[in-house]
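Protein sequences appear in the order of chains A and B.
Taking my numbering, the leading residue of the first sequence gets 954, the next gets one more, and so forth.
Taking my numbering, the leading residue of the second sequence gets 954, the next gets one more, and so forth.
For every residue, glycine included, the Cβ atom is placed at its ideal position computed from N, Cα and C.
Keep in mind the model is a prediction, meaning the values are calculated, not measured.
Encoded as structure tokens, the structure appears first; notes follow it.
There are 2 protein chains.
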Amino acid sequence: MFTCTLNPQSRTTLCDQLYEALRAQIMGGGMASGERLPSKRQLSAHLSVSQATVEAAYARLVSEGYCESRPRSGMYVAGELPQDAPAAPAKEPPIRWDFSTGTADAEHFPYAAWARLMREVLSEQSTALLMSGDPQGSYALRCELSSMLRSMRGVEAAPERIVLGAGTEVLAASLVALIGREKLFAVEDPGYSRVRRVLTTNGARIAPTPLSDGAIDVRALYLCGAGAAYVTPSHQFPTGSEMDMERREALLRWAQETGGYILEDDYDSEFRLFGRGLPALAALDPGGQVVYMNTFSRTLAPGLRLGFMVLPEALVPAYRKLHTACSVSGFEQETLRKFISGGHLERHIARMRVIYRGRLQAMERAAAQLGEFHYFGTGLHALLTVGGRTPAQELVPRAAQAGVRVSRLCDHGIVSPGAREERSVLLGFAGMDEAAIEAGMAQLARAWK
Amino acid sequence: MFTCTLNPQSRTTLCDQLYEALRAQIMGGGMASGERLPSKRQLSAHLSVSQATVEAAYARLVSEGYCESRPRSGMYVAGELPQDAPAAPAKEPPIRWDFSTGTADAEHFPYAAWARLMREVLSEQSTALLMSGDPQGSYALRCELSSMLRSMRGVEAAPERIVLGAGTEVLAASLVALIGREKLFAVEDPGYSRVRRVLTTNGARIAPTPLSDGAIDVRALYLCGAGAAYVTPSHQFPTGSEMDMERREALLRWAQETGGYILEDDYDSEFRLFGRGLPALAALDPGGQVVYMNTFSRTLAPGLRLGFMVLPEALVPAYRKLHTACSVSGFEQETLRKFISGGHLERHIARMRVIYRGRLQAMERAAAQLGEFHYFGTGLHALLTVGGRTPAQELVPRAAQAGVRVSRLCDHGIVSPGAREERSVLLGFAGMDEAAIEAGMAQLARAWK
């Protein structure tokens, strides 16, 4: 059987190593066109890697035309191989240091606790968990979320107002119908493109609204007649700034006066690494105009697809009318409930805060030689205004050439910003340990020297 | 601590028994206003029922005003109790026999296999499963689904065309943007109201289209200029009929000629209990106009939120552009993959087919005294045209008075049908065992005599 040596300590993922080894074997003629590859099960046992790793490597080989999958039969070397190695990989080395902001730490996932609680849930054999259940999610879980919101964010949210869903995208999609497709949805520019796309995909018109001092320009909301404003006050994406108290009050005033809804995405608020954060808009809202949204993608893992929102009381009946089932599995809901009520989530976040603080500090130290470093106290990415003579439009490609993934601030906006924003890159520090961060930053220094 | 005797053999669920006992205690003064109820954990241990059961009973007490939940503190008897027992429960007995079509069998869920595989998945500690992964879902799982579709339904679906999602509602919602909000979506009338609502909620205009001989009227599709038609050919909901071959061909011809999309909801096709079924439209489609949809809600359990669809190749790039994450948890995807590849799903379906056939036969025997019984070979509900002198509009209320839940055929349509449809009730047989079905049918005979 095909064999190769995989190094779990390497900065290249096992999957990428396996992909490279298989591709080399195929392109070197070691495996002929039409030859059957070992089954995922066989190869994973043979190489002592998970089936998911083999699967991902195979999927990439298929997508790039080296192999083809024949249902019920297996994986085969493609009849016609790509003429050359595909253009991109030939010119660009694989990414070894990933500073993108969408990544999360996978090394410290609390597998032991999660597995034990999931086992408990399954051994209870509750028939209730097998049914569709409440469209807002399990009431008991919502009680836990309610306590959590009170203690962590000072937000008073009755369980009756909480809605669980399979991630921010699913929840944001439901808000378009709830608030009204005829309304104008203001979004921050620069801002979070995924939510922007979810809104437009669901038929909403959006109004990209500039930032003023790091927060959405409230005057512009009045001006454009927005019916809702999607904002990230704890950790503005992508600039990283926090909305100050004055702007929070102005935004709430806008909502009160116009009847507009504030969609407060409180992502990353758990990761206040320095100083004290300001209260959530939902904690200040006097009159039911704030929809509070958050996710467990960062505090646990994106692959779990667990998010929730708190609706103003007035929107709850409409939500219940439009939805008959919650989009999260009953088993995972109950596991999450036990996880929170057992104090595991709180401990995990506290632990990760320490780890992330160390990573941030390692990054800041290494950034000194690169340019101006900006971090506003909260969240899992920082901003670097790159010094030196590398042209702004060369920053990302040169980093990629050196095996480093970064994005520029202006990649996240709709309207092109000033020269300073063009030289600012986002540096996520959730996905790598301190040593990798230091090595990646050193590599950036070489790429941009 | 509050105590009561719960009978797991009773036809009343443990949750309803517990609710009734607590309510009686509160209304009888056995627990005073403001008194704290035992924690869910304590009560579930004390009474030897699952926490989910206690939770559900508490949730109902809260929703009906007998108790209030105070976050971080617990559950308390409400300060002001409802003046009287709520109107509905006083006038109507609890539902003891539930013939509604949304139920599923929860007694035979393969807990042992599912728990073992989930344990395996969690013990592998794959970091890949923690990440967002492919927006269409895990490639390896899609390969399994592809084989399954080929062997069970004769549908050739490359894994690249398969999309996994958290249930039919989430998937149907994504189709509106994919096919185009400006298109007219034809739906069967009578038809499946949940999908109808998902389509309109997401901004689609729908055209309720009458049935002709148990299948959507293809002439009407040409006439109204539909751009898509949502159909249930294996087991038309609610009439239960199967679309015959001639109509399948006509429908495919319409799609070919007009470029319209057929949204084929193949739910219940696994439960062909008698005779041979016809091939799926997706198996007959010559030109990429059919979106095939199915769910594991019936073959496994609705609470898992697992559904999938097969897109025509032309729609895949747009799907990948609009979606960045799959809405199903990585752990559940991998558990399902192992479940299918280990042959568990096939065995479970085969086993349930035998069980459901027994239930259907019990129902048919009992139906002889009630009216004309209709079952077309596939699916988990039958139709009964009720004889006797009970007025049509009295059928459902009288059944409810007798503790039996049924719905009428005309409850699922938009345009009022003829007298015969008004006397037809849907009888789902998935949620009860044979003895309960017999008792429920006998109760119906008493209610309608």
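Check                                                                                                                                                                                        : Outcome
Distance check for L1336 (chain B) and R1290 (chain A), CA to CA, integer angstroms please.                                                                                                  : 40 Å
Starting from L990 (chain A), follow the beta strand (DSSP E) in both directions and report where the run begins and ends.                                                                   : No beta strand (DSSP E) contains L990 (chain A), which DSSP labels as neither H nor E.
Please list the terminal residues of the continuous beta strand (DSSP E) segment that includes I1390 (chain B).                                                                              : Taken as a continuous stretch (DSSP letters only), I1390 (chain B) belongs to no beta strand (DSSP E), being part of the alpha helix (DSSP H) at E1387 to A1400.
Can you look up D969 (chain B) in the DSSP assignment and give me helix, strand or coil?                                                                                                     : helix
Kindly indicate which residue of A:P1186, A:L1234 and A:E1195 has the alpha-carbon position closest to the one of R1206 (chain A).                                                           : A:L1234
Please confirm whether Q1004 (chain B) has its beta-carbon closer than 8 Å to some beta-carbon of chain A.                                                                                   : yes
For F1249 (chain A), return the contacting residues in chain B, with the cut-off set at a CB-CB distance below 9 Å.                                                                          : Those within 9 Å of F1249 (chain A) in chain B number zero; the least Cβ separation is about 11 Å.
Say whether chain A places a C-beta atom closer than 8 Å to the C-beta of F1062 (chain B).                                                                                                   : yes
Taking one C-beta from the stretch 1338-1352 of chain A and one from the stretch 1308-1318 of chain A each time, how about it: are there three or more such pairs within less than 8 Å?      : no
I think A1173 (chain A) touches P1163 (chain A), with their Cβ atoms under 8 Å apart; what is that distance to the nearest whole Å?                                                          : 7 Å
Considering Cα atoms alone, identify which of B:A1355, B:L1014 and B:P1350 is closest to D1364 (chain B).                                                                                    : B:P1350
Per DSSP, which residues does F1138 (chain A) bridge with? Please list them.                                                                                                                 : A:I1159 and A:A1181
Might you give, ordered along the chain, the residues of its own chain that have their beta carbon closer than 6 Å to the beta carbon of K993 (chain B), omitting 5 neighbours on each side? : Q1004, V1007 and E1008
With DSSP run on the structure shown, which of helix, strand or coil describes I1048 (chain A)?                                                                                              : coil
Hey, quick one: how far does the alpha helix (DSSP H) through T1288 (chain A) stretch, first residue to last?                                                                                : G1283 to S1294
Is T1154 (chain B) close to chain A? Criterion is C-beta to C-beta, closer than 8 Å.                                                                                                         : yes
Across the stretch 1198-1215 of chain A and the stretch 1269-1289 of chain A, are there enough close Cβ pairs to call them in contact, namely three or more that are closer than 8 Å?        : no
Residue ranges of each beta strand (DSSP E) run of no fewer than 3 residues wholly in the stretch 1230-1259 of chain A, ordered along the chain?                                             : 1243-1248
So, using beta-carbon positions, are G1356 (chain B) and P1046 (chain B) closer together than 8 Å?                                                                                           : yes
Secondary structure at A1009 (chain B), three-state DSSP: helix, strand or coil?                                                                                                             : helix
Beta strand (DSSP E) containing Y1214 (chain B): first to last residue?                                                                                                                      : Y1214 to D1218
DSSP puts Y1029 (chain A) in a beta bridge; with which residues?                                                                                                                             : A:R989 and A:E1021
Cβ closer than 8 Å: which chain A residues qualify as neighbours of C1096 (chain B)?                                                                                                         : S1022 and P1024
Tell me whether the beta-carbon of I1367 (chain A) lies closer than 8 Å to the beta-carbon of P1161 (chain A).                                                                               : yes
Locate the alpha helix (DSSP H) running through I1132 (chain A), then write down its first and last residues.                                                                                : T1121 to I1132
Indicate the three-state DSSP secondary structure (helix, strand or coil) for P1042 (chain A) in the structure shown.                                                                        : Caution applies to P1042 (chain A), whose pLDDT of 45 falls short of 50 and renders its modelled position unreliable; the value that the coordinates give is listed next. Helix at P1042 (chain A).
Quick check: the stretch 1322-1334 of chain B against the stretch 1225-1233 of chain B, are there 3 or more CB pairs under 8 Å?                                                              : yes
Which one or two residues does DSSP pair with M1262 (chain B) in a beta bridge?                                                                                                              : B:V1116 and B:M1246
Taking Cβ-Cβ distances below 7 Å as the criterion, which residues of the stretch 1252-1270 of chain B are in contact with chain A?                                                           : A1254, P1255, G1256, L1257 and R1258
How many Å lie between T1288 (chain B) and A1400 (chain A) at the Cα?                                                                                                                        : 43 Å
Would you check if there are 3 or more beta carbon pairs closer than 8 Å linking the stretch 1265-1275 of chain B to the stretch 1068-1077 of chain B?                                       : no
Compare the C-alpha of A1398 (chain B) against each of B:G1213, B:A1319 and B:Y1064 and name the closest.                                                                                    : B:A1319
Taking the Cβ atom as the reference point for each residue, do A1236 (chain A) and R1095 (chain A) lie within a distance shorter than 8 Å?                                                   : no
Does the beta carbon of K993 (chain B) come closer than 8 Å to any beta carbon on chain A?                                                                                                   : yes
By the 8 Å beta-carbon criterion, what residues does the stretch 1141-1168 of chain B contribute toward chain A?                                                                             : R1147, R1150, T1154, N1155 and G1156
According to the neighbour-count rule (16 or more other Cβ atoms, all chains shown, within 10 Å of its Cβ), is H1276 (chain B) buried or exposed?                                            : buried
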